[in-house]
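In structure tokens, the structure reads:
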């Protein structure tokens, strides 16, 4: 065997000599190899620093630990039960804080668009306030130094508005988890929350009846059941729901719908992230022209694409449905 102590010295000598010849004859390849090696070293150092800081942060003063009041932590310290909601905006974050089960649900509002981590260097990523907050909150490091056993939460749930901006934020967050916390995805611990698109309300015999619809099919069913005299509201954002409504529809484990993010094919996932989130415009333009249907109609629900059969109410196991989400193999 070439790995034995007897053979190792000979193998090292031969490989070193021949590789040296190859690199001298292929200067462009050699320079690219050096650049990638330096980049990998810098990434390891930044990841190690981030992990050390996240661990040391647990010993800081309370005000520092909560990062200026951004994180609303869960009361429980049981990482096997706790959930972290990454919420779009302060308005929805306020409703989520009021409506949550404070025993095991933590809320982290995100302000504005998250950094595209596919394009940025890890050193720059670590300077981004929103990303840094997430890394510290999850508490398991980042990149090559990420250790899922140190994670403070069993579920990380992305909760955004049901519009194009919300979908963009979801994609940016999924790109970050894919690039720097992939074990969380591989373990099935990253989710997308699905708030309802519609609220249908009617007064029947002086009693208010409220129904929610996540898809156009559910809306049609609900309006047929209520017949006439109902009022219809199309939710434009999480901020339009009060705390009770947000809990009932999106956060309560007994009634909510979660989409678990998964990767079925590593090669296709890597290709998709590189194409859609990278800095090369032409491959992205070709992919969009091939796969995206442009329409003036309002965006539907993710359920329209991930639920192949069965009604919304028939989803079992915490009303959970698996999907490839950002990493759908059918797009290639």
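Numbering (the UniProt record's numbering), first residue to last: 1 to 332. Beta carbons: idealized from backbone N, C-alpha and C, even for Gly.
> Which two residues bound the contiguous alpha helix (DSSP H) that contains residue 182?
Replying inline: First-last of the alpha helix (DSSP H) with residue 182: 182-186.
> Of all the beta strand (DSSP E) runs that stay within the bounds of the region 79-115, which reach a length of 3 or more residues?
Replying inline: 83-88, 105-110, all fully within the region 79-115.
> DSSP three-state call for residue 269: helix, strand or coil?
Replying inline: Looking at residue 269 - three-state DSSP - the assignment turns out to be helix.
> Given a threshold of 16 other Cβ atoms within 10 Å of its Cβ, counted over all protein chains shown, does residue 78 qualify as buried or as exposed?
Replying inline: Label assigned to residue 78: exposed.
> Taking just the CA atoms, how far does residue 29 sit from residue 42?
Replying inline: If you draw a straight line from the Cα of residue 42 to the Cα of residue 29, it comes to about 20 Å.
>> Buried or exposed, going by whether 16 or more other CB atoms sit within 10 Å of the CB of residue 249?
In response: With 16 or more neighbouring CB atoms inside 10 Å of its own CB, residue 249 falls in the buried class.
>> Just list the residues that DSSP pairs residue 192 with in beta bridges.
In response: Its beta-bridge partners are 158, 259.
> Secondary structure at residue 222, three-state DSSP: helix, strand or coil?
Replying inline: Taken through DSSP and simplified to helix, strand or coil, residue 222 comes out as helix.
> In the structure shown, what three-state DSSP assignment does residue 340 receive?
Replying inline: Nothing can be reported for residue 340, as the shown portion of the chain is limited to 1 through 332.
> I think residue 191 touches residue 158, with their Cβ atoms under 8 Å apart; what is that distance to the nearest whole Å?
Replying inline: A Cβ-Cβ distance of about 7 Å is found for the pair residue 191 and residue 158, placing them in contact under the 8 Å criterion.
> Since residue 288 is in the alpha helix (DSSP H), which residue starts that stretch and which ends it?
Replying inline: In the DSSP assignment, residue 288 falls within the alpha helix (DSSP H) that extends over 281-291.
>> Do residue 238 and residue 161 count as a contact pair if the criterion is CB distance below 7 Å?
In response: Against a cut-off of 7 Å, the Cβ pair of residue 238 and residue 161 comes out as a contact.
> In three-state terms, what does DSSP make of residue 333?
Replying inline: No statement about residue 333 is possible, as the shown extent of the chain runs from 1 to 332 and does not include it.
> Is residue 156 closer than 7 Å to residue 84 when the C-beta atoms are compared?
Replying inline: Yes.
>> Does the structure place the region 258-269 close enough to the region 176-192 that three or more beta carbon pairs sit under 8 Å?
In response: At 8 Å Cβ cutoff, the stretches touch.
> What does residue 213 pair with, by DSSP beta-bridge criteria?
Replying inline: 198, per the DSSP bridge assignment.
> What do you reckon, are the CB atoms on residue 129 and residue 110 nearer than 7 Å?
Replying inline: Residue 129 is not a Cβ neighbour of residue 110, given a cutoff of 7 Å.
> Of all the options 182, 225, 80, which has the alpha carbon lying nearest to the alpha carbon of residue 202?
Replying inline: Minimum Cα-Cα distance from residue 202 among the listed residues 182, 225, 80 corresponds to 225.
> Candidates 219, 15, 119: which alpha carbon is nearest residue 235's?
Replying inline: Of the candidates 219, 15, 119, the residue whose Cα lies closest to the Cα of residue 235 is 219.
>> Among 10, 246, 282, whose alpha-carbon lies nearest the alpha-carbon of residue 96?
In response: Answer by Cα proximity: 246.
>> For a quick check, are the C-beta atoms of residue 175 and residue 117 less than 7 Å apart?
In response: For residue 175 and residue 117, yes; Cβs fall inside 7 Å.
> What do you reckon, are the CB atoms on residue 82 and residue 92 nearer than 7 Å?
Replying inline: No, they are not a contact pair.
>> Given this structure, state the Cα-to-Cα distance separating residue 135 from residue 31, to the nearest angstrom.
In response: Straight across, the Cα-Cα distance linking residue 135 with residue 31 is about 32 Å.
>> Can you tell me where the alpha helix (DSSP H) holding residue 23 begins and where it ends?
In response: Residue range 5-25 is occupied by the alpha helix (DSSP H) that includes residue 23.
> Per DSSP, which one or two residues make a beta bridge with residue 234?
Replying inline: According to DSSP, residue 234 bridges with 198.
> How should residue 205 be labelled, buried or exposed, when 16 other C-beta atoms within 10 angstroms of its C-beta is the threshold for buried?
Replying inline: Looking at its Cβ environment, which holds fewer than 16 other Cβ atoms inside 10 Å, residue 205 is exposed.
> If we ignore side chains and look at the alpha-carbon of each, how far apart do residue 150 and residue 182 end up?
Replying inline: So the alpha carbons of these two residues sit roughly 14 Å apart.
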